[in-house]
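Inspection log for the structure reproduced underneath, given as structure tokens.
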Amino acid sequence: MINQELHKQPQLLDRNEHRQLRLRTGLNTLGAARQMNAAFLTVAEFGDACKEFPILFLRAGEVDGKAQVAPVAVLGMKPAENLFIESLNDGAQRWRARYVPALLRSYPFTMARTSGDSWAVAIDRSWEGFSETEGERLFDDQGEPTPYLLQVREFVERVETEVERTRQAGERLMALGLLQDKRFDATLPDGSPMVVDGFLAVDEEKLAQLGDAEVLELHRQGLAGVIFAHQVSLSNMRALLERRLALQNVPAGA
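Numbering (our numbering), first residue to last: 28 to 281.
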């Protein structure tokens, strides 16, 4: 899954063009996400992510007439703000949470659709960690994937499988009418308002109105756990605001 905010120069990995390419694995990749205020999540990640971040849903167009949504971990409260990346005195970046979304863990690798249902490993060629002289080789002299690349490919393929499962889960939640437009309102210590909107969240009233058959379906498909994790995560919105104020050295106050 290519994310335009993260993968700024995506390229399909090619055994001929990239035969000599290496990756300096010791470099910290967090800098690539320092201006991302949200990161895509698969539903498989909700259980871990709900303890750290608010999980919200964004509209993502339609496929075959069905409304699509993308669940995200909210990392900041305004554009280009990532409150979970801390810049250290030596210029390094540190992640300030126990869980890192899979999209960020797999960087600078991802999967890209080539045609129809065909996929291939892609890289963000703009990542400074690529080199032709040092680091882990991606291909051997015969152009075959190295053990390192095979391990990477296994991980990004697994993530892409979860992306599809997440798409189907979102379709079902939308079809049931459970995801509704919401907004988060807060008052800053100086009295000025802060509004975060443009997202979807599970509507408690709609959820309570589901019939027994639909509730059973949610449990059998694992969506009940997804909904519960999402609901738990919403308490992190206040914590996110407090994190923002703490970084600005402003008391949380009112």
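Each residue gets a CB set at the ideal place from its N, CA and C atoms; glycine is no exception.
Using 8 Å as the threshold, is the stretch 161-174 in touch with the stretch 29-44, meaning 3 or more CB pairs across them? The stretch 161-174 makes contact with the stretch 29-44: 3 or more CB pairs, one atom from each, lie closer than 8 Å.
Proximity below 8 Å, CB of A60 to CB of A100: In this structure, A100 does not lie closer than 8 Å to A60 by Cβ.
Give the secondary structure of M138 by DSSP, where H, G and I count as helix, E and B as strand, and everything else as coil. Correct three-state label for M138: strand.
Work out the CA separation of Q248 and V90 for me, nearest whole Å. One C-alpha to the other measures close to 21 Å.
Quick check: the Cα distance between V223 and R210, rounded to an integer number of angstroms? If you take the alpha carbons of V223 and R210, they lie about 6 Å apart.
Given a cut-off of 8 Å, decide if V148 and M138 are closer than it, judged by their beta-carbon atoms. Taking 8 Å as the cut-off, the beta carbon of M138 is found closer than this to the beta carbon of V148.
Taking buried to mean at least 16 other C-beta atoms within 10 Å of its own C-beta, is L115 buried or exposed? Around the CB of L115, fewer than 16 other CB atoms lie within 10 Å, so the residue is classed as exposed.
How is the beta strand (DSSP E) around D224 delimited, first residue to last? Counting along the chain, the beta strand (DSSP E) containing D224 begins and ends at 220-229.
Any idea what DSSP makes of L3, helix, strand or coil? This structure does not reach residue 3, given that the chain is present from 28 up to 281, and the question cannot be answered.
Would you mind working out which of G92, V70, G88 sits nearest I82, comparing C-alpha positions? The closest CA to that of I82, considering only G92, V70, G88, is found on V70.
Where does the unbroken alpha helix (DSSP H) through S114 begin, and where does it stop? Here S114 belongs to no alpha helix (DSSP H); instead the beta strand (DSSP E) covers 112-114.
Exposed or buried, what is I112 when buried is set at 16 or more other beta-carbons lying within 10 Å of its beta-carbon? Under a 10 Å Cβ-count criterion, I112 is classified as buried, with 16 or more other Cβ atoms of the shown protein chains found around its own Cβ.
Rounded to the nearest angstrom, what separates M221 and P172 at their Cα positions? Cα-Cα distance, rounded: 50 Å.
Near A129, which residues of its chain fall below 7 Å by C-beta distance, leaving aside the five closest residues on each side in sequence? Close CB contacts of A129 within its chain, under the 7 Å cut and outside five residues either way in sequence, are with T69, E72, V186 (chain order).
Alpha carbon to alpha carbon, how far is L261 from E79? Distance between the alpha carbons of L261 and E79: 10 Å.
Would you call Q36 buried or exposed, if buried means 16 or more other Cβ atoms sit within 10 Å of its Cβ? The residue in question, Q36, is exposed, as its Cβ has fewer than 16 Cβ neighbours within 10 Å.
If you reduce the DSSP assignment to three classes, tell me which class F84 lands in. Here DSSP, grouped into helix, strand and coil, assigns F84 to strand.
Among G53, L85, K105, M28, whose alpha-carbon lies nearest the alpha-carbon of A63? The amino acid occupying residue 63 in the given sequence is Met; Ala does not appear at that position. Taking each of G53, L85, K105, M28 in turn and checking the Cα distance to M63, the smallest one comes out for K105.
Could you give the distance in angstroms between the alpha-carbon of A235 and the alpha-carbon of H257? Between A235 and H257, the C-alpha separation is close to 16 Å.
Around the C-beta of E150, are 16 or more other C-beta atoms found within 10 angstroms, so that it is buried, or is it exposed? Looking at the sequence shown, residue 150 is not Glu but Ile. It counts as buried.
How many Å lie between R49 and L176 at the Cα? Near 10 Å, if we compare the C-alpha coordinates of L176 and R49.
Starting from Q120, follow its DSSP beta bridges and name the residues at the other end. Beta-bridge partners of Q120 (DSSP): S114.
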